[in-house]
Amino acid sequence: MRPPALPVSSLRTWAKFNGIEFEDISVEKNKEYGGYGIVSTTTIDSAPDQEGNLTVLNVPKDLILSAETIAEHAKVDKHFGQILEAVGGSTLRGDVMLFLLMQVTRASSDPSIKFSVSGPWTEYVKMLPEYISLPTAWHDDQINLLNGTSLEKAVAAKVSALVREFETLRENTTEIPWCHNAWWEKEHLEFKDWILIDSWYRSRSLELPLSGEAMVPFLDMANHSANANSHYQQGIDDEVLLQVKPGQHIEKGDELTIDYGSAKSAAEMLFSYGFIDDLSSVHSLVLHISPSPDDPFGKAKVKIHGKLPTLHISATDDSLELTCPFIYLMCVNEDDGLDFKVLLETDGTYGQMRAFWKSRDITDSIGSFKDIVTADPLADVFLLRAKVLLRYIVDEQLERLSESEHTANELDPNQESLSAGDKGIPEAASKLRVIEAGLLSKSLELLEAEINTLSSSPIVRGYLGSSEAQDAPGAGDNDESEDFS
Ligand SMILES: C[S@@+](CC[C@H](N)C(=O)[O-])C[C@H]1O[C@@H](n2cnc3c(N)ncnc32)[C@H](O)[C@@H]1O
1 MRPPALPVSS LRTWAKFNGI EFEDISVEKN KEYGGYGIVS TTTIDSAPDQ
51 EGNLTVLNVP KDLILSAETI AEHAKVDKHF GQILEAVGGS TLRGDVMLFL
101 LMQVTRASSD PSIKFSVSGP WTEYVKMLPE YISLPTAWHD DQINLLNGTS
151 LEKAVAAKVS ALVREFETLR ENTTEIPWCH NAWWEKEHLE FKDWILIDSW
201 YRSRSLELPL SGEAMVPFLD MANHSANANS HYQQGIDDEV LLQVKPGQHI
251 EKGDELTIDY GSAKSAAEML FSYGFIDDLS SVHSLVLHIS PSPDDPFGKA
301 KVKIHGKLPT LHISATDDSL ELTCPFIYLM CVNEDDGLDF KVLLETDGTY
351 GQMRAFWKSR DITDSIGSFK DIVTADPLAD VFLLRAKVLL RYIVDEQLER
401 LSESEHTANE LDPNQESLSA GDKGIPEAAS KLRVIEAGLL SKSLELLEAE
451 INTLSSSPIV RGYLGSSEAQ DAPGAGDNDE SEDFS
């Protein structure tokens, strides 16, 4: 299901008609990466102080798709209200996607289906790209290029979530007559349409200072740069302004760029926007980790941790940081003093699970379990275990990355069948692989050094000495020696 496309040259008229004010800008094709961007139609020199914030675009609040305006639309648009009631209401992203789907439906449906309200967005969706090269839209052989990277599981999980959402949409709306006619009867609505709408949302939504996450028409034509010459703000009536930053010199024909988020990792950029910015100074990656399958407390540890356990690696030119709160739970067990109990309520039912460290209830301070571990007399022993576990996780990921390298080399970027949008995929995937391999190798070096230092700690030596003595023949029946290998 695709609405008839409107050329982006129609944007000027559409914007004026809908009360958007703009000056000295137009939307033009970007020669470097295909899509469109906002360019200056004159030479701009903004003053160096705050006065230099030069507004070039003003989008009224009612055109923005935010939590507030979506709720307003639901009141006046009965068809949108109907699908919102059937499948919406749980996330803003879901509701905005349903709104966009409603506009696509209106714009592309057989005129015999009468819809009450059509608005500015019904025309605007006709100007949005028909394909966005986000990994969720890639072919299987392209997705395989991500094997061994932090995106391998994330993309698979996202595609499965989209499949589930689409199935729920079908199940919950198939009894609504107009949905049945417009979407399901002749399979006009396909899964690839849902993928495209999700891609529109992820690649074009931004965080507004007052309205929160939102989609802003026209502003969403602005491309990203780590050295952006412009930024966006909200005015007193919640209108969204695109402003040239103070002290900028922009030549006629140059792009006005904004920063999509300088702290975003290469993986996040590729996942949400389909490209990686070479100029980004922060390199980071997030790995999802799970407890060892033979850890008897494995499930309890994940439950008490309360969120998906992750290892976050972040590097700048002169620093490297590994953050993994869950590793401190992973590195201790019952013999060390960790315990879990499910309390029995006064009415005889089982209540909440509680965590104990050396008989002290630590459930409410589980977020700072690292502090508890590092304050323990055996801290160096636990830290050494934590570092060894991290080394294992990092080493395994690095191995997966190098094992899948041959697949990554097999896809020919010059393949005739690839569309223009697809040609950059092998390059983007390869950039991610190089960045992540670099981060993992650096992390291994750091962990090796930390493991060496901790191994010579007197506390560790004393602890190992006493375990060896206990393990010596005739020293009792405990045959489980500490293994730091
Ligand atoms: C908010 S839209 C910007 C407008 C978009 N270029 C268009 O034609 O509609 C974000 C998308 O623009 C493209 N893009 C933005 N900045 C880019 C950059 N620096 N390098 C490559 N692609 C970029 C990506 O496809 C991204 O998903």
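The UniProt record's numbering puts the first residue of the sequence shown at 1, with every later residue one more than the last. Just so it is clear, CB atoms sit at the ideal spot from N, CA and C, and this is done for glycine as well.
Query: Any non-hydrogen atom of ligand 1 closer than 6 Å to G35 Cβ; Result: yes
Query: Buried versus exposed call for E403 [16 or more other C-beta atoms within 10 Å across all chains shown]; Result: exposed
Query: As assigned by DSSP and simplified to three states, the class of T310; Result: strand
Query: Closer than 6 Å: Y273 CB and nearest ligand 1 heavy atom; Result: yes
Query: Ligand 1 heavy atom lying under 6 Å from the CB of M221; Result: yes
Query: One or two residues paired with H231 in a DSSP bridge; Result: Q243
Query: Length of the line joining the Cα atoms of A5 and V216; Result: 19 Å
Query: Cβ pair S456, L287 closer than 7 Å; Result: no
Query: Coarse secondary structure for D477, derived from DSSP in three states; Result: In this prediction, D477 has a pLDDT of 48, which is less than 50 and means its spatial position is unreliable; what the coordinates show is noted afterwards. Coil at D477, not helix or strand.
Query: DSSP state of M1 mapped onto helix, strand, coil; Result: coil
Query: Rounded straight-line distance, which links the Cα of K431 to that of A266; Result: 8 Å
Query: Of the residues D62, S133, V434 and Y33, the one placed nearest L285, counting alpha carbons only; Result: V434
Query: Close-in-space but distant-in-sequence residues of the same chain around N172 (CB under 7 Å, 5 per side omitted); Result: A86 and V87
Query: Beta-carbon spacing of Y328, F297 below 7 Å; Result: no
Query: Sequence ranges, beta strand (DSSP E) only - wholly within the region 308-359, length at least 3; Result: 310-316, 319-323, 338-344 and 350-357
Query: Heavy atom of ligand 3 within 6 Å of P7 beta-carbon; Result: This structure lacks ligand 3; its bound ligands are ligand 1.
Query: T91, buried or exposed, once every other Cβ within 10 Å from all chains shown has been counted against 16; Result: exposed
Query: Status (buried if at least 16 other CB within 10 Å, exposed otherwise) for K341; Result: exposed
Query: Whole beta strand (DSSP E) elements within the region 166-216, 3-residue minimum; Result: 205-208 and 212-215
Query: Three-state class that DSSP yields for H139 in the structure shown; Result: coil
Query: Segment contact flag, the region 112-131 with the region 236-247, C-beta cutoff 8 Å, min 3 pairs; Result: no
Query: Anticipated Cβ contact below 8 Å, K442 with L279, distance rounded; Result: About 20 Å; that fails the 8 Å criterion.
Query: As assigned by DSSP and simplified to three states, the class of I41; Result: Looking at the sequence provided, one finds Thr at residue 41 rather than Ile. Looking at T41 - three-state DSSP - the assignment turns out to be coil, as it is neither helix nor strand.
Query: Proximity to H406 [Cα-Cα], best of N181, P426 and I38; Result: P426
Query: Residue interval of the alpha helix (DSSP H) (run including I70); Result: A67 to V76
Query: Candidates Y33, V59, E51 and D24, of which the one nearest A15 by Cα; Result: V59
Query: Selected residue, minimal CA-CA separation from T43, among H312, L210 and L54; Result: L54
Query: Exposed unless 16 or more other CB atoms sit within 10 angstroms - verdict on G438; Result: exposed
Query: For K264, three-class secondary structure by DSSP; Result: coil
Query: Distance between beta carbons of L440 and Q397, contact taken as under 8 Å; Result: 6 Å
Query: Under the three-state DSSP convention, the category Y131 falls into; Result: coil
Query: Three-way DSSP call (helix, strand, coil) for K114 in this model; Result: coil
Query: The region 161-178 in contact with the region 141-150 per 3-pair CB rule at 8 Å; Result: no
Query: Limits of the unbroken alpha helix (DSSP H) element including V388; Result: A379 to E403
Query: Helix, strand or coil at Y33 [DSSP, three-state]; Result: coil
Query: Contact test: S203 Cβ vs ligand 1 heavy atom, cutoff 6 Å; Result: yes
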